[in-house]
Amino acid sequence: MTLTSKTAVVTGSTSGIGLAIARALAKEGANVVINGFGDAAEIEKERAGIESEFGVKAVYSPADMSKPHEIEEMIRLAERTFGSVDILVNNAGIQFVSPVENFPVEKWDQIIAINLSSAFHAIRAAVPGMKARKWGRIINTASAHSLVASPFKSAYVAAKHGIAGLTKTVALEVATDGITVNCISPGYVWTPLVEKQIPDTMKARGLTKEQVINDVLLEAQPTKQFVTVDQVAALAVFLCSDAASQISGANMSMDGGWTAK
Ligand code: NAD
8 MTLTSKTAVV
18 TGSTSGIGLA
28 IARALAKEGA
38 NVVINGFGDA
48 AEIEKERAGI
58 ESEFGVKAVY
68 SPADMSKPHE
78 IEEMIRLAER
88 TFGSVDILVN
98 NAGIQFVSPV
108 ENFPVEKWDQ
118 IIAINLSSAF
128 HAIRAAVPGM
138 KARKWGRIIN
148 TASAHSLVAS
158 PFKSAYVAAK
168 HGIAGLTKTV
178 ALEVATDGIT
188 VNCISPGYVW
198 TPLVEKQIPD
208 TMKARGLTKE
218 QVINDVLLEA
228 QPTKQFVTVD
238 QVAALAVFLC
248 SDAASQISGA
258 NMSMDGGWTA
268 K
């Protein structure tokens, strides 16, 4: 175990990639703050499961990532409970698919708030403590869409390009404080977020479900395979290790070759 006595806050960790990252960090000995929406009993089962499986402490923050004061309170909860936030994984995200001229304004605002601004708010709350302790790891879940675009995803692509820029900027600001800041850019990972966008993509492009999976999603990915949540989580664990202490400001693709095209 490499992260014993560290505390990790993982936003959007009641599902998908975030849950896999929280579990992987706990497996390495970190206490974790999990966050996100969902069925209360299911969330409690995940939280208690992390504690019993990995012998660490896990607490749940219900903070809504579209609300700056709740984000700040999540960081304070972690500091009150565990004494520090050493690892911050800004992962919460949503998707909405629509032609730009019909893109609902409230969806644009919500995606920018949750997928981009939430990382700014969590970072500004967590960085002072990391600086004081001269150690920190900030990992932002970006996307292949932080590097390239797809039609009908204007808000998501804008937010993810923004996350890549925020990552580089903060990395430079904290470079001499023992803090690294990186983003991970997965291609398509089979999670509820991807599953949920299939009906909208079917509508926007007039395709069947199978056509969306094979001709839109996996079409982008030269390996023709989905990335797994555990592969993303393993990269996050690596970025927290001493071996990764000189990786900062990087945008690490895990996309089956998508952005090599
Ligand atoms: P998911 O839907 O399985 O999980 C999203 C998580 O975010 C959930 O825990 C959800 O409750 C939480 N969340 C949503 N809105 C929230 C809010 N307002 N406040 C707090 N939590 C909120 O999706 P996922 O695929 O695991 O996505 C996680 C991240 O990975 C996102 O940032 C997404 O953009 C990114 N990503 C996903 C893929 C993919 O193919 N699945 C690819 C690249 C990047």
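Here the sequence shown is numbered in the numbering used here, starting from 8 and rising by one per residue.
Even for Gly, the Cβ is constructed at its ideal location relative to N, Cα and C.
{"Item": "Under 7 Å between C-beta atoms of Gln166 and Asn122", "Value": "In the sequence as presented, Gln is not what sits at residue 166; that position holds Ala. Yes. Within cutoff."}
{"Item": "Beta-carbon separation (whole angstroms), Pro75 vs Ala211, contact threshold 8 Å", "Value": "Going by Cβ atoms, the distance from Pro75 to Ala211 rounds to 32 Å, so no, they are not a contact pair."}
{"Item": "Span of the alpha helix (DSSP H), counted from its first residue to its last, around Ala65", "Value": "From DSSP, Ala65 is part of no alpha helix (DSSP H) but of the beta strand (DSSP E) over Ala65 to Ser68."}
{"Item": "C-beta contact flag for Gly256 and Lys138 at 7 Å", "Value": "no"}
{"Item": "Ser91 to Gly143 span [Cα, whole Å]", "Value": "10 Å"}
{"Item": "Cutoff 6 Å; reference Asn147; Cβ partners in own chain excluding five residues on either side", "Value": "Asn97, Ala126, Ile170, Thr174 and Cys190"}
{"Item": "Own chain residues within Cβ distance below 8 Å of Ala243, not counting five before or after", "Value": "Ile28, Ala31, Leu32, Val96, Ile146 and Ile191"}
{"Item": "Terminal residues of the beta strand (DSSP E) in which Leu179 lies", "Value": "No beta strand (DSSP E) holds Leu179; the alpha helix (DSSP H) holding it covers Ser161 to Glu180."}
{"Item": "beta-carbon Ile101 near ligand 1 non-hydrogen atom, thresh 6 Å", "Value": "yes"}
{"Item": "Paired residues, beta bridge with Pro193 - DSSP", "Value": "Met261"}
{"Item": "Alpha carbon of Ile94 to alpha carbon of Val104, nearest angstrom", "Value": "31 Å"}
{"Item": "Identity of the residue in Glu77, Gly194 and Ser260 nearest Gly43 by Cα", "Value": "Glu77"}
{"Item": "Unbroken stretches of the beta strand (DSSP E), 3 residues or longer, contained in the stretch 72-107", "Value": "94-97"}
{"Item": "Sequence-distant residues of the same chain with beta carbon closer than 7 Å to Ala85, five excluded per side", "Value": "Thr14, Val16, Val40 and Val92"}
{"Item": "Proximity below 7 Å, CB of Leu179 to CB of Thr266", "Value": "no"}
{"Item": "Where Asp249 falls, given that 16 or more other Cβ within 10 Å makes a residue buried", "Value": "exposed"}
{"Item": "Beta-carbon proximity check, Leu200 vs Gln102, cutoff 7 Å", "Value": "yes"}
{"Item": "Glu79 versus Tyr163 - alpha carbon distance", "Value": "23 Å"}
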